[in-house]
Every structure is written in C-alpha cells, then in structure tokens.
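In what follows, a single structure is set out as structure tokens and then discussed.
In the numbering used here, the protein residues as written are -9 to 289.
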C-alpha cells in the first residue's frame, strides 16, 4: 500500500489539483460544458448589471423594496465571479492547479457571499411581511436606517461566519499535491482532500450549513406563511392581487453535500444567479420599464 506523505499542517507549499467532473469525458469540456457555463455566466453578469443600473439610474426605483434587490444582484455577481472564471479555465484549458492561498481565498469568498445571499433573502422576506401584514407600521418599522442596519448585519455576519471553518481547515495536513474532487474549492471537498481526520471539520461544516441553509429557509417560509394568511383574509380580489404583487418569488440556494454529485452542486450554484434577474424583472413592471428604457437609449 502506498504511503501518503503529508505536510505537518496546511502551508503555502501545498498545491491543490481540481479534478473537475471526473465522470464526464474530457472532450465535453472543450465544447458543450464550457460554452454552456460561459453563456450562463454572461447572462448572470448582464442581467444583474442591468438591474443595478436600472435601479440606481431611475429615481422612481429609489425605494426600500428595491434596496434589497440591489444587494441580491450584487451578490449574484460576486458569488459566480468567485468560482466560474476558474471553472471556465479548468474546462477549456485544463488549468487544474490552485495555490494554497488562492484555494482558501476562493473557499472563504464563495461561502461568505452565499451566506450573505441567504441572510439578505431573510431580511427581504421580513420586509415584505411587515409591508403586507402590518402596513400601518411599515413606515415606522422599516425606515431607511433600519434597512441599512439589517443589510449591514447580514453582510457582516456572513463575512464572519465562515472564518472558523476556513481557518481550521487551513491547519489540516495535506499532501504536497492535494486532489480536490470538485470544480472549485468547496469546504467539504477540500476537507476530504486532507490526510488528517476529517470528522471534526465535516461536522463543523455541517453545522454551518444548517445555520446558513435550513434556518434562513425556515424563516423565509414562516414569513411568507404569515403573508399568505393575511392575503387570504382580504375580501377584495383587487386587494389580493395587489398584495401578492408586492411579494417576490424567493430563489433559495442550499449547499448540497459533495456526495450528491459534483455537477449537481455546480449547476445549482450557478442556476439561481441566472434565474434571479428573470424572476425580479418579469414580476416587476417598474424594473422592466427601466431596463427597457436603458436598452433603448443604449441602442
């Protein structure tokens, strides 16, 4: 049996080798997969950039409900930019290597931005709950200062939450060339590439995933359950339609374990940022009108 020589702890001498999607033929990387992911990435950048420009440029959209839309569009761009360019390089050029600092920086940024998106969705759901269930108190409860504090808290919490897991994982022992069975440096994939005991870090990652995934999902569902109850109490059909129109479909991203399948994880991570601009623009005529005007002026 071959003996694996490991470093005593994580250091800059370790090089991470991204295995990509081993179950798929390499010839696909040069054609279908690369162009599909490249197209999706371009759609994410253009779609969310249009939303940002439209909301910022049009004074009529300078409202609290669009404040969180700006946050979500920014996060969609950041989350995908953290991982997709390297994935495209991997698929097209076979650029499989990442240095120790680059891998852990990518891991930290990806999980931080993903956490931020989950928390912003919770804050937005609360904003819609107050707007529909307690409309008379909305101007008092959801002031611009309150929204800024909530958004800032969501960002700061998400930026701090992954730090313990990232630091502890960086202190694990790795071979000089550590093979990561993934397309980017996901926490679980990096932990499984270590020669150390992976149980403590796997458990820590699981706990963080529960906090980031299921807790926000529960809060969002609870908020929208209250909204649905309030809407059903409205007698007027016009009132019901107006109340529902103030609610935005929530596309929720959950981190899937590596065991489910690498491709499923990657597709799920990139699919939500693609759908978010479509969801928000198709369901909001004000945003659609602003984007249409911008596109007309540009052309």
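Glycine included, every Cβ here is placed at the ideal spot set by N, Cα and C.
The structure presented is a predicted model; accordingly, all values stated were derived computationally and were not measured.
For residue 6, the secondary structure class from DSSP, reduced to helix, strand or coil, is strand.
If you compare the alpha carbons of 37, 40, 174, 128 with that of residue 95, the shortest gap goes to 174. Residue 73 holds the alpha-carbon nearest to the alpha-carbon of residue 100 among 112, 73, 115. The beta-carbon separation of residue 183 and residue 164, rounded to 7 angstroms, stays under the 8 angstroms limit for a contact. Residue 102 is a Cβ neighbour of residue 149, given a cutoff of 8 angstroms.
For residue 104, the enclosing alpha helix (DSSP H) stretches over residues 90 to 123. When the beta-carbon positions are compared, residue 10 and residue 80 come within less than 8 angstroms of each other.
Between residue 58 and residue 141 the beta-carbon gap is near 7 angstroms, inside 8 angstroms, which marks them as a contact. Classified as buried, residue 176 has 16 or more neighbouring CB atoms from the shown chains inside 10 Å of its CB. The C-beta of residue 191 has 16 or more other C-beta atoms within 10 Å across all chains shown, which makes the residue buried. Residue range 167 to 170 is occupied by the beta strand (DSSP E) that includes residue 168, with no alpha helix (DSSP H) assigned at that position. Residue 138: member of the alpha helix (DSSP H) spanning 134 to 150, first to last residue. Secondary-structure assignment with DSSP links residue 87 through a beta bridge to 7. Here the alpha carbons of residue 48 and residue 66 stand approximately 21 angstroms from one another. Residue 88 is not a Cβ neighbour of residue 35, given a cutoff of 8 angstroms. Just measuring C-alpha positions, the residue of 92, 261, 264 sitting nearest residue 5 is 92.
Within the same chain, 106, 109, 110, 113 come within 7 angstroms of residue 144 by CB-CB distance, once the 5 residues on both sides are set aside.
Here residue 78 has 24, 27, 28, 31 as same chain residues with Cβ atoms under 8 angstroms from its own Cβ, once five neighbours each way along the sequence are excluded. Short of 8 angstroms from the beta carbon of residue 124, and not among the five residues preceding or following it, lie these beta carbons of its own chain, in chain order: 131. Annotation: the continuous alpha helix (DSSP H) that includes residue 199 extends over 189 to 199.
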